[in-house]
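Everything below concerns the one structure shown next.
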Amino acid sequence: MANVKQQLLSRNKEVSTVNGSEGEKAGRPNRQKEKVHGLKDRTQDLRKSLNDSLEGDIRDFLINEAELHTYDDLTKVNPVTPSTVLKCLQARYSAKVFYTHAGCTLVALNPFQPIPHLYSLDVMREYHTAPQPQEFKPHIFIVAEEAYRNVQGQVEPINQSLVVSGESGAGKTWTSRCLMKYYATVAASSQKCQDTVEKIERRVLDSNPVMEAFGNACTLRNSNSSRFGKYIQLQLNGSQLLVGASVQTYLLEKTRVAFQAPTERNFHIFYQMMKGATEKQRLEWMLPSEQDFAWLPHAEKTLEEDCLRETVEAMINLGIDERKRTQVFRVSDNGKIISKPQ
Numbered sequence: 013m014a015n016v017k018q019q020l021l022s023r024n025k026e027v028s029t030v031n032g033s034e035g036e037k038a039g040r041p042n043r044q045k046e047k048v049h050g051l052k053d054r055t056q057d058l059r060k061s062l063n064d065s066l067e068g069d070i071r072d073f074l075i076n077e078a079e080l081h082t083y084d085d086l087t088k089v090n091p092v093t094p095s096t097v098l099k100c101l102q103a104r105y106s107a108k109v110f111y112t113h114a115g116c117t118l119v120a121l122n123p124f125q126p127i128p129h130l131y132s133l134d135v136m137r138e139y140h141t142a143p144q145p146q147e148f149k150p151h152i153f154i155v156a157e158e159a160y161r162n163v164q165g166q167v168e169p170i171n172q173s174l175v176v177s178g179e180s181g182a183g184k185t186w187t188s189r190c191l192m193k194y195y196a197t198v199a200a201s202s203q204k205c206q207d208t209v210e211k212i213e214r215r216v217l218d219s220n221p222v223m224e225a226f227g228n229a230c231t232l233r234n235s236n237s238s239r240f241g242k243y244i245q246l247q248l249n250g251s252q253l254l255v256g257a258s259v260q261t262y263l264l265e266k267t268r269v270a271f272q273a274p275t276e277r278n279f280h281i282f283y284q285m286m287k288g289a290t291e292k293q294r295l296e297w298m299l300p301s302e303q304d305f306a307w308l309p310h311a312e313k314t315l316e317e318d319c320l321r322e323t324v325e326a327m328i329n330l331g332i333d334e335r336k337r338t339q340v341f342r343v344s345d346n347g348k349i350i351s352k353p354q
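Per the working numbering, residue 13 is the first one in the sequence shown, and the count goes up by one each step.
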């Protein structure tokens, strides 16, 4: 019986196969092929649906250029490319937002205009007293406060360093002044301490006109470009109060005395002496007449940095007596021996 059944099944399969072939030839529909086509169609629809969903997710992931000015941190811009980063900074600059985080770094854009309310005493106190200043809008005071708290929060005080770097005209000098002003404000508890801090602050700030006179020059992109590096050290006591400061300079561009680019000038001090010295000062400092300064390039330009009186007043405030000032200006006049064409 088993063999018979197998034969019958085999015959039935053969008949079925023959009938299937004949039915296909006769134009009857092939259900197996219909199933295959239906599966392909459903697969294509599913693939299209997934692609549409993925494109939507990508669009949500990528930046919306209309909202670029709202990005406080450049690391949140997607994708992070030079183009998108520059667009973000440009959008924030146009919206008059000049500070942007880039991870643990702060990017500062020079507004080239006074913005007093951005650096007022109220703003300083707001960042200083905030439990979490990092939650505020990006600002140079956030960086200053973090460094101040890092010193304060350690069992063994650890020195903190802030590096201010950038292109010529980026606002490095102004940023350094803001940091000094901030620490002078927050690192004082009593009126007596405030007087001490203000005295230190004044001396550090008074050093700026002197160092800028002898170390800054007019360049193509910046009329008051620092041609040297500056290291400012603020000294705090155990109570986090400012008790001292020191300023060191390095990498002075000495070659500028003898050579300047066609569109640039020599150091400010030479133009200050040429334009600002009185007859009495010329005699004391043994300066030549104004005509003998004709070797200075672009001396016809009039800049606010050409103010000799500000430099002299700053030297007096720093405790440089008249005898030393005379020696300094006499030595400075010898710069023409190096620079003046023979």
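All residues carry an ideal CB built from backbone N, CA and C; glycine is no exception.
Segment limits, alpha helix (DSSP H) that includes residue i
{"i": "residue 164", "result": "152-164"}
{"i": "residue 295", "result": "291-297"}
{"i": "residue 191", "result": "184-198"}
{"i": "residue 345", "result": "334-345"}
{"i": "residue 320", "result": "320-329"}
According to DSSP, residues forming a beta bridge with residue i
{"i": "residue 99", "result": "Partner(s): none; residue 99 has no beta bridge."}
{"i": "residue 260", "result": "243"}
{"i": "residue 148", "result": "DSSP, once it has assigned bridges, lists no residue as partnering residue 148."}
{"i": "residue 254", "result": "248"}
{"i": "residue 229", "result": "237 and 279"}
{"i": "residue 218", "result": "Per DSSP, none; premise fails for residue 218."}
{"i": "residue 85", "result": "113"}
Neighbour-count burial assignment, residue i, 16 or more Cβ in a 10 Å radius
{"i": "residue 292", "result": "exposed"}
{"i": "residue 83", "result": "buried"}
{"i": "residue 242", "result": "buried"}
{"i": "residue 284", "result": "buried"}
{"i": "residue 308", "result": "buried"}
{"i": "residue 207", "result": "exposed"}
{"i": "residue 104", "result": "buried"}
{"i": "residue 33", "result": "Note that residue 33 has pLDDT 45, beneath the 50 cutoff, so the model's placement of it is unreliable and the number below is only indicative. The residue is exposed, with fewer than 16 neighbouring Cβ atoms inside 10 Å."}
{"i": "residue 160", "result": "buried"}
{"i": "residue 334", "result": "exposed"}
{"i": "residue 92", "result": "exposed"}
{"i": "residue 151", "result": "buried"}
{"i": "residue 272", "result": "buried"}
{"i": "residue 147", "result": "exposed"}
{"i": "residue 221", "result": "buried"}
{"i": "residue 232", "result": "exposed"}
{"i": "residue 116", "result": "exposed"}
{"i": "residue 187", "result": "buried"}
{"i": "residue 168", "result": "exposed"}
{"i": "residue 216", "result": "buried"}
{"i": "residue 175", "result": "exposed"}
{"i": "residue 124", "result": "exposed"}
{"i": "residue 317", "result": "buried"}
{"i": "residue 290", "result": "exposed"}
{"i": "residue 275", "result": "exposed"}
{"i": "residue 198", "result": "buried"}
Length of the line joining the Cα atoms of residue i and residue j
{"i": "residue 69", "j": "residue 236", "result": "Because residue 69 sits at a pLDDT of 46, beneath the cut-off of 50, its placement in the model cannot be relied upon, and the following sentence gives the value as read from the coordinates. Distance between the alpha carbons of residue 69 and residue 236 is about 49 Å."}
{"i": "residue 313", "j": "residue 278", "result": "12 Å"}
{"i": "residue 251", "j": "residue 164", "result": "8 Å"}
{"i": "residue 79", "j": "residue 254", "result": "42 Å"}
{"i": "residue 133", "j": "residue 342", "result": "42 Å"}
{"i": "residue 319", "j": "residue 212", "result": "24 Å"}
{"i": "residue 315", "j": "residue 280", "result": "9 Å"}
{"i": "residue 269", "j": "residue 177", "result": "24 Å"}
{"i": "residue 234", "j": "residue 183", "result": "10 Å"}
{"i": "residue 100", "j": "residue 345", "result": "48 Å"}
{"i": "residue 294", "j": "residue 340", "result": "13 Å"}
{"i": "residue 228", "j": "residue 127", "result": "24 Å"}
{"i": "residue 154", "j": "residue 89", "result": "21 Å"}
{"i": "residue 210", "j": "residue 330", "result": "14 Å"}
{"i": "residue 114", "j": "residue 282", "result": "40 Å"}
{"i": "residue 238", "j": "residue 218", "result": "16 Å"}
{"i": "residue 162", "j": "residue 299", "result": "51 Å"}
{"i": "residue 81", "j": "residue 98", "result": "11 Å"}
{"i": "residue 156", "j": "residue 263", "result": "25 Å"}
{"i": "residue 138", "j": "residue 240", "result": "34 Å"}
{"i": "residue 266", "j": "residue 180", "result": "17 Å"}
{"i": "residue 135", "j": "residue 107", "result": "20 Å"}
{"i": "residue 172", "j": "residue 246", "result": "10 Å"}
{"i": "residue 249", "j": "residue 195", "result": "13 Å"}
{"i": "residue 10", "j": "residue 191", "result": "The structure shown does not extend to residue 10, since the chain is modelled only from 13 through 354, so no value can be given for it."}
{"i": "residue 256", "j": "residue 327", "result": "19 Å"}
{"i": "residue 102", "j": "residue 332", "result": "45 Å"}
{"i": "residue 129", "j": "residue 193", "result": "14 Å"}
{"i": "residue 288", "j": "residue 225", "result": "13 Å"}
{"i": "residue 142", "j": "residue 149", "result": "12 Å"}
{"i": "residue 325", "j": "residue 214", "result": "12 Å"}
For residue i, the first and last residue of its enclosing beta strand (DSSP E)
{"i": "residue 244", "result": "241-248"}
8 Å Cβ cutoff, residue i in contact with chain D
{"i": "residue 111", "result": "Judged by its chain identifiers, the structure shown contains no chain D, having just a single protein chain."}
Notebook entry, point to check: Can you list the beta strand (DSSP E) stretches of 3 or more residues lying completely in the region 94-141, in chain order?
Noted result: 111-114 and 117-120
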